[in-house]
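Visitor:
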Ligand code: BES
Ligand code: MN
Ligand code: ZN
């Protein structure tokens, strides 16, 4: 899908030769500014007066071959206060009112909105979201018909940045959705590695892929243990994007890449087990973020680490009670083989330290407990670094991809104690999202680390089953904010290490 940015007055909207116009009308639509001088403002005025165009956010009015317009169809939609989140809801509602199969070219008229990058982005994202179709393994699916979207704003020059970021976010989100949606037999660790290699061909990018031998040589005994029950060989994917001088410390993103999670010997029940193909949602979000970086080429260095394998039951699979040695040297008693995400992430986090990172953020569909705690609205955020936590939280708000910080008191780690190893891989049921984070924290001693649990936000269940592409918007926003902070010299070289042992 192609986006095009255009300066567009209300009067010019009637001249737009498109299959459909989607006109956003905020509460504060300046009826006076246009004061009925053009066809569109005249129409808005009339339908508002007669009451046919209700005023609640998302209410719409559709017209076919409206007089005085070149467009075949037009939908007016109420955009409430005109904020980014209202705009997103309005576009989603408006798109539902369009007969999409006939619409190849759409005019998205944002000319009445108060100017702001966030609303332009939100409109573009909602437009993409409403028209996304997964087709890779479904030949009968009707592919997206919408090909071109003309984004009309009062002054294009003032919306260029929001537009560019919006476009890149759409690319990143769709990349992540695509890979997360693919069934496990169409998204094996090797296939993810190939996708990463392809991304690595772009300027400023580099990809390295390690297999079982190299991972064994690194001493990643915990990661290896999870992979040992599967016929698919594991992959450890290292992506690099260098947009800033080499001297600048990178942000490291670590994505959980379990391409299928059966639970292993601690096997999961059959119901909804298919959804465990989404257990590489963290990895998909890292790949998607890199796809977006390729488009925007911001001045920042980023490393992506993806430990990827299947979690299968097998004669060779790791057994409950087995003790393994992680790359950090700490031993782990694997009491539950279904708590595998933390077992692959811990070794990747140990590996992350070699980049002397400015920050490390892991992204993982880690716990069902996080779904219970926060549902599908906010991802779980964990960090003992206030500054880092605040940056991520703020990025989430800005990008309409919110997260919520949960605590990391040391008392939560009590249950991880083991008689046979330095730690167990599970604590009790209580506070499960937090105890999982406490486990990861044991591998991030001096690192400026944060953890995002996206188990509730990475995909939707039920009739609308499918990947959401989250938290690509949050991650990209965070990276762009970091790049901007570095540019203006506000950023510290690195977040100071916390002395307190973990
Ligand atoms: N991939 C799952 C987490 C998950 C569960 C995500 C449900 C989305 C929906 C993870 O590997 C897992 O199985 N976690 C266990 C941990 C438990 C054994 C301590 C869980 O949450 O049940
Ligand atoms: Mn599991
Ligand atoms: Zn899992």
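Numbering (our numbering), first residue to last: 436 to 937. The beta-carbon is built from N, C-alpha and C at its ideal position, and this holds for glycine as well.
Whole angstroms are fine: how far does the CA of residue 446 sit from the CA of residue 467?
Guide: Reading the chain shown from its first residue, position 32 is the one you call residue 467. Reading the chain shown from its first residue, position 11 is the one you call residue 446. In this predicted model, residue 467 has a pLDDT of only 48, less than 50, meaning its place in the structure is not dependable enough to derive any value.
Visitor: If you draw a straight line from the alpha carbon of residue 928 to that of residue 884, how long is it in whole angstroms?
Guide: Here residue 928 refers to the residue found at position 493 of the chain shown. Here residue 884 refers to the residue found at position 449 of the chain shown. Low per-residue confidence applies at residue 928: pLDDT is 48, beneath 50, and the placement is therefore not dependable enough to give any value.
Visitor: Closest to residue 661 by CA distance: which of 696, 488 and 637 is it?
Guide: For this step, residue 661 is matched to residue 226 along the chain shown. Checked all of 696, 488 and 637; the closest Cα to residue 661 is 696.
Visitor: Identify the residues that DSSP records as bridge partners of residue 643: which are they?
Guide: Looking up residue 643 in the chain shown gives position 208. Per DSSP, 673.
Visitor: Residue 710: beta carbon under 6 Å from a heavy atom of ligand 2?
Guide: Counted from its first residue, the chain shown places residue 710 at position 275. False, no ligand heavy atom lies under 6 Å from that Cβ.
Visitor: For the pair the segment 683–695 and the segment 733–748, tell me if three or more CB-CB distances fall below 8 Å.
Guide: Judged by Cβ distances under 8 Å, the segment 683–695 makes contact with the segment 733–748, as three or more pairs qualify.
Visitor: Which class does residue 590 belong to by DSSP, given the choice of helix, strand or coil?
Guide: Here residue 590 refers to the residue found at position 155 of the chain shown. Coil at residue 590, not helix or strand.
Visitor: Tell me the residue span of the alpha helix (DSSP H) that contains residue 532.
Guide: Residue numbering aside, residue 532 sits at position 97 when the chain shown is read from its first letter. Residues 519–532.
Visitor: Buried or exposed for residue 623, going by 16 or more other Cβ atoms inside 10 Å?
Guide: Translated into the one-based positions of the chain shown, residue 623 becomes position 188. Counting Cβ neighbours within 10 Å, residue 623 comes out buried, since at least 16 surround it.
Visitor: Which same chain residues, not among the five before or five after residue 922, have their C-beta less than 8 Å away from its C-beta?
Guide: Locating residue 922 in the chain shown gives position 487, counting from the first residue. Closer than 8 Å at Cβ, skipping near neighbours: 734.
Visitor: Quick one: Cα of residue 676 to Cα of residue 506, how far?
Guide: Residue numbering aside, residue 676 sits at position 241 when the chain shown is read from its first letter. Residue numbering aside, residue 506 sits at position 71 when the chain shown is read from its first letter. Distance between the alpha carbons of residue 676 and residue 506 is about 43 Å.
Visitor: What does a CB cutoff of less than 6 Å around residue 579 pick up in its chain, not counting 5 residues either side in sequence?
Guide: On the chain shown, position 144 is the one that residue 579 refers to. So the qualifying residues of the chain are 566 and 568.
Visitor: Considering only the beta carbon of each residue, do residue 766 and residue 857 sit closer than 7 Å?
Guide: Taking the first residue of the chain shown as 1, we reach residue 766 at position 331. Taking the first residue of the chain shown as 1, we reach residue 857 at position 422. It is a contact, given that the beta carbons lie within the stated cut-off.
Visitor: Which partner residues of residue 621 appear in the DSSP bridge assignment?
Guide: As a working mapping, residue 621 is identified with position 186 in the chain shown. Beta-bridge pairing links residue 621 to no other residue.
Visitor: When every heavy atom of ligand 4 is checked, does at least one fall within less than 6 Å of the C-beta of residue 609?
Guide: Summarising the ligand content, the structure contains ligand 1, ligand 2 and ligand 3 and does not contain ligand 4.
Visitor: With H, G and I counted as helix, E and B as strand and the rest as coil, what does DSSP make of residue 439?
Guide: Taking the first residue of the chain shown as 1, we reach residue 439 at position 4. The answer is strand: DSSP assigns residue 439 an E or B state.
Visitor: Using DSSP with H/G/I as helix, E/B as strand and the rest coil, what is residue 469?
Guide: Stepping through the chain shown from its first residue, residue 469 is reached at position 34. Note that residue 469 has pLDDT 48, beneath the 50 cutoff, so the model's placement of it is unreliable and the number below is only indicative. Here residue 469 sits in helix by DSSP.
Visitor: Is it true that the CB of residue 557 sits closer than 7 Å to the CB of residue 519?
Guide: For this step, residue 519 is matched to residue 84 along the chain shown. For this step, residue 557 is matched to residue 122 along the chain shown. Against a cut-off of 7 Å, the Cβ pair of residue 557 and residue 519 comes out as a contact.
Visitor: May I ask you to list the residues that DSSP assigns as paired with residue 797?
Guide: Residue 797 sits at position 362 when you count from the first residue of the chain shown. Paired residue(s): 689 and 886.
Visitor: Quick check: is the beta carbon of residue 498 nearer than 7 Å to any beta carbon in chain B?
Guide: Included in the structure is just one protein chain, with no chain B present.
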